[in-house]
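Asker: Numbering (UniProt numbering), first residue to last: 1 to 940. This structure is in structure tokens; I'll ask about it shortly.
Given below as structure tokens:
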């Protein structure tokens, strides 16, 4: 007899679990790296799409690229594609390579190539990610969810280390050493795992190395001794007897026909029965672990294919089920009392002819191994199926959705015996798509593997309303969580920029996310609390969102709660997949995600979409809708937890004690989580060292005057070709070496800008002080100042903007050589009426600055993009106070000039004399859509 018989199902599970931690840390790192690539290509894809919208100034046809995001829903929703992924282990590795291709595509100068490759990467890698998030087993979904959380954590700490941009797409060395090389190794890791799962390699290793069983024994005549499961609810197991070997009596003593049978309905102990009188040459075996196992009864002459295992083609054949005769072979009857033999071994003498076989057509060894891994979600041999029959039910039901009989609309169910009075109950005919109450009752938290809606199964069934509702709930839940994560957690400084606080608070987001990952791994280990995980952490994220958006004094505490809660919500969503339509659910998820993303874009760019101008100022409403979308799915989780408690209470009343178990859960071990956090800590240490080294301003007086000012509109981080421009702008500033830099359209902390903190990047690598205001929540394109001199005072605000986009201004004070210098930076709108009002408001602000009690000499420099031609009405209104003069005209003796209305200006007070003025040429295909203006001033 094969060595499998020496172990109970729980022992086999335990042995397999004991060997897994040796590689789980590497697996978690691999999944996290896949998550990092996915978040990177998704961020770059949306940034590339928005550039076409920005250039067009209206709805651009390139928005059609968003359809690429629906690729996973099409693939995951089709059984053919799912089976293709399961049967071809190289396919998932190619999907990972497709994501790496999306990274590489960002180095193309052509905007069309960049958006095409990033869309392809997001679509292909999205298949891998979302097929895992909607997989057949909770274990696999949890592995994927932890990979997504690990990926966002790695993305944050990498951006923190590089001070803003993502080095995977920012530098060639980042692409090579952080992108391509690790991506290839990760693809090989995925390939090795899929080879093990799809071809039985992992199972073969377990059989041959741990249990000393030859793979040749696992054939169609000697199938696997257990069924797959996707439930942590009960440890109640069902073992499959190899039917062909039993009936044909071929190698019967080397096959696996040992089964645990519960002594009674209320007993928690199990008796081991051996079918035959000779086992392994007569050697007595140790007693199995006591596990209550039910064996469903069937009529001796009745041959009915078990619904969940029936298939219509040889490709889809399932395992074989064995049922006991109702009258002749009840293991717990008095006349069949088991006899004690040897050292604790119980033998039950009976002939194999007395067993009725319920057959599926024979399958090959590869098909059995493939189907085993498919049903177990690729998890491996510890995936056991929960018993499908309740104690009072003596029938294994035929579910019509698993059968390919076109003309059979109902299934006749044999009358079952009432446990109260032993009388038969009424017949019931179940139609297609109907939920069998007791089947659903015991199914508990089983997902699509045990569901009528398993995408691996061909089915002829109508849409079920309750399943449609559950699908919509999970789709909205997933889309809302995906948006929140992308909106707020793809950069460590997102919260700081939102509220206008110091970027040094970026470590709060990273730390909160890391602690949230720990909480996500430890909370589910408490089995009685596991089902409350989503509800508890949704309440935390709702509280954090309220503090963050409504109460500025508690904003960073709220931000920490949001980051802390996100990992557990990702894990919680992975635990739910009961009776959903994966393709439709993913389609709803993508639709919700795109809707929220476009909504967030319209908060600032609504002028390009006049039809959506009503969304102006609805940032807090958007946050509330996203949080409520998450709560819509969490509410379903709470109802499921309540239902399970009610079921347990009913079981206890009937004397049935079902034990909780986390046996099939894929919560990473502490060793694996520690390895991931160790990598994060190492990168974080590099980030700290970089920021310490570049913290002190490196000030050197420049020739041409004591104060050199540069002004530039950086076009939201885009060059004229649509590429990111932070490196070319950094090179420009190194070349010009100004003391003060004034930038417009500098707020790049939006989804459509890639959440790239350009100002933090320039500040760190130039070793200059920075002023980033007004905050992102003001919904402006942003203004920023950089200075070698520290800012001793600053304030900012939004100029009156009744019709167009919100315009901003900054006011700051620095001391240069003991003299107080006033700095003013502004960006007007594009509508003429708005520009006139903004120019008048700014003139009043300048007047207030000059009205000092001491009437001292005022040194003031004002720069910005005022979208006005020289000597135009709005230009004259800006200078209407009579206290400022144009630096160009000052340098050129008052000579008038013409220039592009979108070009910048520099103005100064009469106390400053312009000694140098230039508009140096830089390639706008690399920098921005305008040229910088540089002026030097002497104090008079």
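Glycine included, each C-beta is placed from N, C-alpha and C at the ideal position.
(1) Counting Cβ pairs, one atom from each stretch, are 3 or more of them under 8 Å apart for the stretch 506-522 and the stretch 616-632?
(2) For the structure I just gave you, are there three or more beta carbon pairs, one from the stretch 580-587 and one from the stretch 75-89, closer than 8 Å?
(3) In terms of residues, what are the limits of the beta strand (DSSP E) holding residue 711?
(4) Scan the stretch 44-118 and note each continuous alpha helix (DSSP H) run of 4 residues or more that stays entirely inside, going in chain order.
(5) Alpha carbon to alpha carbon, how far is residue 788 from residue 169? Give it in angstroms, no decimals.
(6) Quick one: is residue 920 buried, meaning 16 or more other Cβ sit within 10 Å of its Cβ, or exposed?
(7) Residues in its own chain within less than 7 Å of residue 570 by CB, not counting five upstream and five downstream?
(8) In whole angstroms, what is the alpha-carbon distance linking residue 163 and residue 491?
(9) Please go through the stretch 782-810 and give each complete beta strand (DSSP E) segment of 3 or more residues, from N-terminal end onward.
(10) Taking its Cβ as the centre, do 16 or more other Cβ atoms sit within 10 Å of residue 815, making it buried, or is it exposed?
(11) So, helix, strand or coil for residue 620, using DSSP?
(12) Is the beta carbon of residue 175 closer than 8 Å to that of residue 104?
(13) According to DSSP, simplified to helix, strand and coil, what is residue 694?
(14) Does the contact criterion of 3 or more C-beta pairs under 8 Å hold for the stretch 55-66 versus the stretch 80-87?
(15) Is it buried or exposed for residue 681, if we count other Cβ within 10 angstroms and need 16 for buried?
(16) I believe residue 478 touches residue 556 by the beta-carbon criterion, under 8 Å. Please report the beta-carbon distance rounded to the nearest angstrom.
(17) Going by C-alpha to C-alpha distance, which of 744, 97, 886 and 721 sits closest to residue 871?
(18) Figure out for me which residue from 923, 818 and 775 has the closest Cα to the Cα of residue 719.
(19) Looking at the secondary structure, which residues open and close the beta strand (DSSP E) in which residue 935 lies?
(20) Within 8 Å, do at least three Cβ pairs link the stretch 719-739 to the stretch 133-143?
(21) In angstroms, rounded to a whole number, what distance separates the CA positions of residue 504 and residue 691?
(22) Measure the Cβ-Cβ separation of residue 679 and residue 518 and say whether it is below 8 Å.
(23) Could you have a look at residue 864 and say whether DSSP puts it in helix, strand or coil?
(24) Taking Cβ to Cβ, would you say residue 72 is nearer than 8 Å to residue 130?
(25) Just how far apart, CA to CA, sit residue 502 and residue 118?
(26) Work out the CA separation of residue 879 and residue 894 for me, nearest whole Å.
(27) Along the alpha helix (DSSP H) that carries residue 758, what are the first and last residues, could you check?
(28) Is residue 892 buried or exposed, if buried means 16 or more other CB atoms sit within 10 Å of its CB?
(29) Within 10 angstroms of the Cβ of residue 818, are there 16 or more other Cβ atoms? Answer buried if so, exposed if not.
(30) Between the alpha carbons of residue 159 and residue 551, how many angstroms are there, rounded?
(31) Can you tell me whether DSSP reads residue 812 as helix, strand or coil?
(32) In chain order, what residues of the same chain lie with their CB nearer than 8 Å to the CB of residue 515, ignoring the 5 residues before and after it?
(33) Nearest-angstrom Cα distance between residue 940 and residue 912?
(34) How would you label residue 110, buried or exposed, when you count the other beta carbons within 10 angstroms and need 16 or more for buried?
(35) How many whole angstroms separate the CB atoms of residue 612 and residue 602, which I take to be in contact at a CB cut-off of 8 Å?
(36) Tell me which same chain residues have a C-beta within less than 6 Å of the C-beta of residue 405, skipping the five on either side of it?
Answerer: Working from what's here:
(1) Because the criterion of three Cβ pairs below 8 Å is not met, the stretch 506-522 and the stretch 616-632 do not touch.
(2) With a cut-off of 8 Å on Cβ pairs, the stretch 580-587 is in contact with the stretch 75-89, counting three or more such pairs.
(3) In the chain shown, the residue the question calls residue 711 occupies position 711. Element bounds for residue 711: 707-713.
(4) As far as the stretch 44-118 is concerned, its whole alpha helix (DSSP H) runs of at least 4 residues are 71-76, 79-87 and 89-104.
(5) As a working mapping, residue 169 is identified with position 169 in the chain shown. As a working mapping, residue 788 is identified with position 788 in the chain shown. Whole-angstrom Cα-Cα distance: 29 Å.
(6) As a working note, residue 920 is residue 920 in the chain shown. The residue in question, residue 920, is exposed, as its Cβ has fewer than 16 Cβ neighbours within 10 Å.
(7) Counting from 1 along the chain shown, the entry for residue 570 is found at position 570. Excluding positions up to five away in sequence, the list reads 145, 148, 149 and 481.
(8) Here residue 163 refers to the residue found at position 163 of the chain shown. Here residue 491 refers to the residue found at position 491 of the chain shown. The C-alpha of residue 163 lies about 10 Å from the C-alpha of residue 491.
(9) Uninterrupted beta strand (DSSP E) stretches at least 3 residues long and entirely within the stretch 782-810 occur at 783-787 and 793-799, given in chain order.
(10) Here residue 815 corresponds to residue number 815 of the chain shown, with the count starting at 1. When all chains shown are included, residue 815 counts as exposed.
(11) To locate residue 620, count along the chain shown from 1; it is residue 620. Taken through DSSP and simplified to helix, strand or coil, residue 620 comes out as helix.
(12) As a position in the chain shown, residue 104 is number 104, starting the count at 1. As a position in the chain shown, residue 175 is number 175, starting the count at 1. Closer than 8 Å, so yes.
(13) If you number the chain shown from 1, residue 694 lands on position 694. Reduced to three states, the DSSP call for residue 694 is coil.
(14) The stretch 55-66 is not in contact with the stretch 80-87.
(15) In the chain shown, counting from the first residue as 1, residue 681 sits at position 681. By the neighbour-count rule (16 or more Cβ atoms within 10 Å), residue 681 is not buried but exposed.
(16) As a first step, residue 478 is located in the chain shown; it is residue number 478 there, counting from the start. As a first step, residue 556 is located in the chain shown; it is residue number 556 there, counting from the start. The Cβ separation is near 28 Å, so there is no contact.
(17) Along the chain shown, one-based indexing puts residue 871 at 871. Selected option, being the one with the closest Cα: 886.
(18) Numbered from its first residue, the chain shown carries residue 719 at position 719. Minimum Cα-Cα distance from residue 719 among the listed residues 923, 818 and 775 corresponds to 923.
(19) Here residue 935 refers to the residue found at position 935 when the chain shown is read from its first residue. If you look at residue 935, you'll find it in the beta strand (DSSP E) that goes 933-939.
(20) Not touching, per the Cβ criterion.
(21) The count along the chain shown starts at 1 and reaches residue 504 at position 504. The count along the chain shown starts at 1 and reaches residue 691 at position 691. Spanning the alpha carbons of residue 504 and residue 691 requires a straight line of approximately 9 Å.
(22) By 1-based counting over the chain shown, the position of residue 679 is 679. By 1-based counting over the chain shown, the position of residue 518 is 518. Going by C-beta atoms, residue 679 is not nearer than 8 Å to residue 518.
(23) Here residue 864 refers to the residue found at position 864 when the chain shown is read from its first residue. If DSSP states are grouped into helix, strand and coil, residue 864 belongs with the strands.
(24) Taking the chain shown and counting its residues from 1, the one referred to as residue 72 is at position 72. Taking the chain shown and counting its residues from 1, the one referred to as residue 130 is at position 130. Cβ distance < 8 Å, so residue 72 and residue 130 count as in contact.
(25) The count along the chain shown starts at 1 and reaches residue 502 at position 502. The count along the chain shown starts at 1 and reaches residue 118 at position 118. C-alpha of residue 502 to C-alpha of residue 118: approximately 32 Å in a straight line.
(26) Along the chain shown, one-based indexing puts residue 894 at 894. Along the chain shown, one-based indexing puts residue 879 at 879. Between residue 894 and residue 879, the C-alpha separation is close to 14 Å.
(27) The residue labelled residue 758 in the question sits at position 758 within the chain shown. Per DSSP, the continuous alpha helix (DSSP H) segment holding residue 758 begins and ends at 758-766.
(28) Position 892 of the chain shown, counting from 1, holds the residue named residue 892. Of the residues assessed, residue 892 falls on the exposed side of the cut-off, its CB having fewer than 16 other CB atoms within 10 angstroms.
(29) The count along the chain shown starts at 1 and reaches residue 818 at position 818. Exposed: under 16 other Cβ atoms inside 10 Å.
(30) Taking the first residue of the chain shown as 1, we reach residue 159 at position 159. Taking the first residue of the chain shown as 1, we reach residue 551 at position 551. Distance between the alpha carbons of residue 159 and residue 551: 28 Å.
(31) Against the chain shown, residue 812 aligns to sequence position 812. Per DSSP, reduced to three states, the secondary structure at residue 812 is strand.
(32) One-based indexing of the chain shown puts residue 515 at position 515. Cβ within range, chain order: 564.
(33) Numbered from its first residue, the chain shown carries residue 940 at position 940. Numbered from its first residue, the chain shown carries residue 912 at position 912. Looking at the two C-alpha atoms, the distance is approximately 6 Å.
(34) If you number the chain shown from 1, residue 110 lands on position 110. Under this definition residue 110 is an exposed residue.
(35) The count along the chain shown starts at 1 and reaches residue 612 at position 612. The count along the chain shown starts at 1 and reaches residue 602 at position 602. Contact between residue 612 and residue 602 holds, since their C-beta atoms are separated by about 4 Å, short of 8 Å.
(36) Taking the first residue of the chain shown as position 1, residue 405 is located at position 405. Model confidence at residue 405 stands at a pLDDT of 33, short of 50, so the residue's coordinates are unreliable; what they give is reported in the following sentence. No residues qualify anywhere along the chain.
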